[in-house]
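Residue numbers (my numbering), protein chains in the order written: chain A, 1 to 126; chain B, 127 to 259.
These notes concern the structure reproduced below.
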Amino acid sequence: MAISSILSSLSYNGTTIAAVGTATISFTRNPVEATGIGELNATFLHGYQSGTATCDIFLDEAATGHFSLFTAMNTAAAAANLVLTVASGTTYTGSALVTGFEVTAQAGSTVRATVTFQFTGAITQA
Amino acid sequence: MASIETAVRDMLITGTTLSTAGIPDTRVTHGYRLQDTVLPACTFEVDRDEIITIGSNPLRTATVEVRIIADTTNDALGFITPLRNRCVPGTYDTLVFDAVIDRGHAIEGNTVGDGDESNPAELTYTFEITYRG
């Protein structure tokens with residue numbers, strides 16, 4: 001089975017972001033070492049979970065959501081919901097801060113921006 | 127129904143840029159021209175058309191080659207500026223061209239062989255179009 005990305009979308013603070021080339025969410029749960037003195041093999045416990053997200057967009061001032069992401073990075077006082085829908089009914093959701101907005105204008109190409117997010121709190125899959 | 131091919135032709139014949147330069151709309155054709163038709167003429171091809179964004183109404187990008195066939199090299203070179211001026215963002219045959227990026231051109235000069243054999247000059251202009259619709 002495979003899922004076409006034509007079914008996918010990324011929304012932040014309730015707004016679906018237009019012209020997203022790539023959306024990536026990364027979850028990690030760091031291991032906590034619990035190896036005792038005299039033990040020959042390392043042992044670990046589950047640590048806490050954290051996550052980041054990145055999206056590459058074809059930047060356009062008229063496109064829905066693009067500059068609200070920039071505004072969110074600059075002036076937002078609180079995190080907002082980030083939802084990656086990979087297919088109808090399959091979502092990854094969490095509260096996230098916009099932590100980066102990198103614009104690239106390259107000769108002979110379209111202008112792009114890379115937006116980075118840091119999740120805060122729980123991330124859920126549904 | 128609109129397609130990238132119909133939209134590119136619509137872009138090329140919009141206004142009077144090419145016709146003023148010497149190519150009436152009827153000489154702008156997709157893919158080929160009949161060998162014995164009047165010059166100058168314009169043909170075009172869409173080499174690649176692919177989806178570049180996620181979602182149900184994605185952005186697409188297409189590489190378009192526009193060819194101007196003219197009797198002499200100078201005649202063909204005279205179409206560089208009109209083509210640059212004509213291939214611009216806009217709405218063509220309902221498709222929205224967000225960005226039209228100039229990828230440069232190449233010119234193949236006219237050649238004359240023995241007797242009455244000759245080949246016209248050919249200007250090949252390449253554009254990358256980002257569009258939706």
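Just so you know, even glycine gets a beta-carbon here, dropped at the ideal spot from N, CA and C.
No experiment lies behind these values; they were computed from the predicted model shown.
With distances taken between CB atoms, is the gap from A:A23 to A:C55 smaller than 7 Å? Cβ distance < 7 Å, so A:A23 and A:C55 count as in contact.
Count Cβ pairs between the region 102 to 111 of chain A and the region 133 to 144 of chain B that sit closer than 8 Å; are there 3 or more? Touching, no.
Here's a check: name, in chain order, each residue in its chain whose Cβ is nearer than 6 Å to the Cβ of A:V115, leaving out the five neighbours to either side. The answer, listed in chain order, is C55, L69 and F101.
Per-residue burial, A:P31 [other beta carbons within 10 Å of its own, 16 or more giving buried]: Exposed is the call here.
Throw me the rounded Cβ distance for the B:V226 and B:I255 pair, which I believe falls under 8 Å. Confirmed, Cβ separation roughly 5 Å.
Can you check whether the C-beta of A:S68 is within less than 7 Å of a C-beta belonging to chain B? So no, A:S68 is outside the interface.
Give the range of the alpha helix (DSSP H) segment to which B:I206 is assigned. Start and end: I206 to R212.
Strictly under 7 Å for the Cβ-Cβ distance: is B:L185 near chain A by that measure? B:L185 counts as touching chain A.
The region 92 to 105 of chain A: which residues have C-beta closer than 7 Å to a C-beta of chain B, in chain order? Per Cβ criterion, the list is empty.
Give a yes or no on whether the C-beta atoms belonging to B:R210 and B:T143 are separated by under 7 Å. One thing to note: B:R210 has its Cβ no nearer than 7 Å to the Cβ of B:T143.
Quick check: B:V192 and B:F170, are their CB atoms within less than 7 Å of each other? Taking 7 Å as the Cβ cut-off, B:V192 and B:F170 qualify as a contacting pair.
Using 7 Å as the threshold, is the C-beta distance between A:V98 and A:T91 below it? Contact flag unset, no.
Are there 16 or more other CB atoms within 10 angstroms of the CB of A:A122, so buried, or fewer, so exposed? Result: exposed.
Give the interface partners of A:I6 over in chain B, defined as CB-CB distance under 8 Å, in chain order. Per Cβ cutoff of 8 Å: I177, I180, G181, S182 and P184.
Proximity winner among A:E61, A:G89, A:A105 and A:Q118, relative to A:I3 (alpha-carbon distances): Its Cα nearest to that of A:I3, the residue A:G89 stands out among A:E61, A:G89, A:A105 and A:Q118.
Per DSSP, what kind of secondary structure is B:I139 in: helix, strand or coil? In this structure, B:I139 counts as helix in the three-state DSSP scheme.
When we look at the beta-carbon of B:S129 and count the other beta-carbons within 10 Å, is it buried (16 or more) or exposed? Exposed, because fewer than 16 other Cβ atoms sit within 10 Å of the Cβ of B:S129.
From B:H231 to B:L160, what does the alpha carbon distance come to, in whole angstroms? B:H231 and B:L160: Cα-Cα distance of roughly 23 Å.
A:Y48: buried (16+ other C-beta within 10 angstroms of its C-beta) or exposed? The Cβ neighbour count for A:Y48, taken over all protein chains shown within 10 Å, is under 16; the residue is labelled exposed.
Counting only C-beta atoms, is B:T256 closer than 7 Å to chain A at any point? For B:T256, the answer is yes, since a Cβ of chain A falls inside 7 Å of its Cβ.
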